[in-house]
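Below: one structure, written as structure tokens.
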Ligand code: ZN
């Protein structure tokens, strides 16, 4: 089995300090938290930035640049920048894709529309086509986020049409209240549709966090943790840092006998 790649999703775009008192907000806090996640064993960080005034997600390239430059100067992390903006706000396509100008090695690619957080998170066919073209031109590998089976079917069709090129990399997002649940049965059904040569990673939202991580551990996939997806270490106990969430899965993987991929090894596994 390949070594396991740990991704840390540092902050997301919407959870505020009233529910998540330790969540990083400013570019400095996001950079520092990503740095600590790297030290704890993450080889990829998934980055959103926030408007320091409102605390909400932003696609402002200058905010992204501050985080990207900080991490490029100090770490060998693989950077995965978000293209989702604020799910539900449905920013213009070009604003969402602006971070590609910073040439991250990965960028999120949400393969369809879904209800999310009381809003519709719209990813039209036009957006997906544009994102696929711009990522190819920028040399950025899409990290294909799959919330339900329709998104997998959409991805497979785009692959068939030559819009997405093998080997694909998937990020299953299980356990949102509007998409596929974080259960082994739902996960295995999605997993059945993976095309040849694909690599994949699991996100379990909230209480699904560890169960989906364990599915990835035993089945040869990779794991994403972090405060974007889950803020608890256990019931009623908040994680104080993203590094704590990374450290926990690193320790479980080592006990199990799967070694943790360094960023250099993760680049080989993902064929970046
Ligand atoms: Zn995200």
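Residue numbers (my numbering): 237 to 508.
Backbone N, C-alpha and C define an ideal beta-carbon position, used for all residues, glycine too.
- Message: Helix, strand or coil for residue 375? Go by DSSP, reduced to three states.
- Response: Residue 375: coil per DSSP, three-state reduction.
- Please report the residue range of the beta strand (DSSP E) in which residue 461 lies. Here the beta strand (DSSP E) through residue 461 covers 458-461.
- Look up residue 289 in the DSSP assignment and say whether it is helix, strand or coil. Residue 289 carries a coil assignment under DSSP once its states are collapsed to helix, strand and coil.
- Message: Please list the terminal residues of the continuous alpha helix (DSSP H) segment that includes residue 275.
- Response: From DSSP, the alpha helix (DSSP H) with residue 275 extends over 263-276.
- Is residue 318 near ligand 1, with its Cβ less than 6 Å from a heavy atom? Yes.
- Item | residue 501 beta carbon less than 7 Å from that of residue 239 | Yes. Within cutoff.
- Query: So what's residue 383 in DSSP terms, helix, strand or just coil?
  - Reply: Assignment of residue 383 by DSSP, reduced to helix, strand and coil, places it in the coil class.
- Task: Kindly give me the distance between the Cβ atoms of residue 438 and residue 457, rounded to whole angstroms, as I take these residues to be in contact under 8 Å.
- Result: So it is a contact: roughly 6 Å between Cβ atoms.
- Item | Straight-line Cα distance separating residue 304 from residue 329 | The C-alpha of residue 304 is placed about 21 Å away from the C-alpha of residue 329.
- Query: Taking the C-alpha atoms as reference points, what is the distance between residue 393 and residue 317?
  - Reply: If you draw a straight line from the Cα of residue 393 to the Cα of residue 317, it comes to about 24 Å.
- Item | Alpha-carbon to alpha-carbon, residue 385 and residue 312 | Their backbone Cα atoms lie some 34 Å apart in a straight line.
- Query: Are the beta-carbon atoms belonging to residue 285 and residue 299 less than 7 Å from one another?
  - Reply: In this structure, residue 299 lies closer than 7 Å to residue 285 by Cβ.
- Message: Does the distance between the C-beta of residue 341 and the nearest non-hydrogen atom of ligand 1 fall short of 6 Å?
- Response: Shortest gap from the CB of residue 341 to any heavy atom of ligand 1: 6 Å or more.
- Task: Report yes if the CB atom of residue 350 is closer than 7 Å to the CB atom of residue 414, and no otherwise.
- Result: Yes, the pair counts as a contact, with Cβ atoms nearer than the cut-off.
- Task: Going by CA-CA distance only, name the one from 435, 448, 402, 282 that's closest to residue 422.
- Result: Taking only the C-alpha atoms, the option nearest residue 422 is 448.
- Query: How would you label residue 237, buried or exposed, when you count the other beta carbons within 10 angstroms and need 16 or more for buried?
  - Reply: Exposed: under 16 other Cβ atoms inside 10 Å.
- Query: Along the chain, where does the beta strand (DSSP E) that runs through residue 409 open and close?
  - Reply: 405-410 is the span of the beta strand (DSSP E), which, as asked, contains residue 409.
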